[in-house]
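Report on the following structure.
Numbering (our numbering), first residue to last: 22 to 146.
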């Protein structure tokens, strides 16, 4: 059986629906700034398997997400096996990430944080 039997292209759809089709989001990056794909997958309730680079640690702070050192292929494979082989663990990690994204990265919470930053800066002038 070739790849054609294992891959399907369902066509355009909202991002949150597309993320829900997967069992996990794997971000094996060597470098990132602040990857919105992690926020989108988190909001969709998808567990994250990622390297410890850029803004990703900030996004997953206070969640059960384990971050992998960049270029550690064996650790990445182990993390993928752990999440994909344990549906309860995957759900727990997904729920933790979804809750964190919902608390800290909504438009309202981000606007509030930016306003606090500006007001703090203005208070120093």
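Glycine residues also receive a C-beta, built at the ideal position from the N, C-alpha and C atoms.
Item to check | Sequence-distant residues of its chain with Cβ nearer than 7 Å to residue 115 (five each side left out) | outcome: 66, 67 and 68
Checklist entry - At which residues does the beta strand (DSSP E) containing residue 81 begin and terminate? => result Residue 81 -> not in any beta strand (DSSP E); alpha helix (DSSP H) instead, spanning 77 to 81.
Next on the checklist: Just to confirm my understanding: we take residue 97, look at its own chain, exclude 5 residues before and 5 after, and list those with CB closer than 8 Å. What are they?
Outcome noted: So the qualifying residues of the chain are 47, 49, 70, 72 and 89.
Item to check | For residue 70, the first and last residue of its enclosing beta strand (DSSP E) | outcome: 69 to 72
Checklist entry - Among 93, 99 and 62, which has the Cα closest to the Cα of residue 81? => result 62
Item to check | Inter-residue spacing [alpha-carbon to alpha-carbon] between residue 54 and residue 126 | outcome: Spanning the alpha carbons of residue 54 and residue 126 requires a straight line of approximately 16 Å.
Checklist entry - Between the Cα of residue 100 and the Cα atoms of 113, 25, 86 and 58, which residue gives the shortest distance? => result 86
Next on the checklist: Below 8 Å on the Cβ atoms is my contact criterion, and I expect residue 60 with residue 122 to pass it. Report the Cβ-Cβ distance as a whole number of Å.
Outcome noted: 6 Å
Checklist entry - What three-state label does DSSP hand residue 46 in the structure shown? => result strand
Checklist entry - When you compare only the Cα positions, how much space is there between residue 141 and residue 29? => result 50 Å
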